[in-house]
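Student: Here this note's numbering is used: the first residue of the sequence shown is 1106, the next is one more, and so on.
For glycine and all other residues, C-beta sits at the position ideal for the given N, C-alpha and C.
Got a structure here, written out as structure tokens. Questions coming.
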Amino acid sequence: MVICPKCGEEYSLGRKIYHSCEEFSIEHGIIFNDDRQDRLWNCHCVDDVDKQILNVLQKNDKTSYRELSEKLKLAASTIHNRVTKMIEEEIIKQFGAIVDPAKIGYNAIAIIGLSVDPVKMNEIAEIIASYDETQLVAISSGDHDIIAQIIAKDEKSLWNFINIKIKTINGIKPHIHVSNFLDIFKSTHSIKIA
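Here it is, written out as structure tokens:
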């Protein structure tokens, strides 16, 4: 359900919602301000049923709609529609297998911290993100401008990647902070949804 902040009228979350009330418009469960170019003024959040679906799918994304239907006491078509909607809204980013790197021959994982030319920050982050060796690339507000998680077959491959691909990018400052993982106690993509 979406409530218009101007007139207080409620709208169910259909796929073709449109409501205009002077300053606000509601489309697809999202409330935009008048010019629709600024940030979202407010957006639809997942409800309790969506949260239950997400918790099950995070544990096993192969759970069928029929199994979800039985577990949540809802029609399979309702589950299907909700999952489709969450995919369209990019609440669910992707489905896939989570692999143990060590069991497929990737024994070196490190986090690197980079200080970069501020003018080239986004460009450098995009270059680093394009490499197969990077698992995560983020612009940071901490001690480093860009943080990246790198995976490699071994220490030598890791250092070759850093020296040949990372250090040669124009705009990266000379000091690169590297923290190698020795033991991993927790690695998950799941988010506890209450």
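With DSSP as the reference, label Leu1219 as helix, strand or coil.
Tutor: Numbered from its first residue, the sequence shown carries residue 1219 at position 114. If DSSP states are grouped into helix, strand and coil, Leu1219 belongs with the strands.
Student: How many Å lie between Lys1272 and Asp1205 at the Cα?
Tutor: Reading the sequence shown from its first residue, position 167 is the one you call residue 1272. Reading the sequence shown from its first residue, position 100 is the one you call residue 1205. Rounded to the nearest angstrom, the two C-alpha atoms are 28 Å apart.
Student: Quick one: what does DSSP say His1185 is sitting in, helix, strand or coil?
Tutor: To locate residue 1185, count along the sequence shown from 1; it is residue 80. His1185: helix per DSSP, three-state reduction.
Student: What is the DSSP secondary structure of Val1224, counted as helix, strand or coil?
Tutor: On the sequence shown, position 119 is the one that residue 1224 refers to. DSSP places Val1224 in helix when its eight states are reduced to three.
Student: According to DSSP, simplified to helix, strand and coil, what is Lys1190?
Tutor: Within the sequence shown, numbered from 1, the residue matching residue 1190 stands at position 85. Correct three-state label for Lys1190: helix.
Student: How far does the alpha helix (DSSP H) with Leu1100 in it reach, from first residue to last?
Tutor: Coverage of the chain is limited to positions 1106 through 1299, which leaves residue 1100 absent and any answer about it impossible.
Student: Decide yes or no for the touch test of the region 1207-1223 against the region 1278-1294: beta carbon pairs closer than 8 Å, at least 3 of them.
Tutor: These segments touch.
Student: For His1249, I'd like the list of residues in its chain whose CB is within less than 7 Å of its CB, leaving aside the five on either flank, ordered along the chain.
Tutor: What you label residue 1249 is simply residue 144 of the sequence shown in a count that begins at 1. Excluding positions up to five away in sequence, the list reads Gly1218, Leu1219, Ser1220, His1282.
Student: So, for Ser1295: in the same chain, excluding its five sequence neighbours on each side, which residues have a beta-carbon less than 6 Å away from its beta-carbon?
Tutor: In the sequence shown, residue 1295 corresponds to position 190, counting from 1. Excluding sequence neighbours, Ser1295 sits near Gln1163.
Student: Per DSSP, what are the beta-bridge partners of His1280 in this structure?
Tutor: Residue 1280 sits at position 175 when you count from the first residue of the sequence shown. None, per the DSSP bridge assignment.
Student: With three or more beta-carbon pairs closer than 8 Å as the criterion, would you say the region 1168-1188 touches the region 1223-1232?
Tutor: Segments in contact, no.
Student: What does Asn1285 pair with, by DSSP beta-bridge criteria?
Tutor: The sequence position of residue 1285 within the sequence shown is 180, counting from 1. Its beta-bridge partners are Ala1215.
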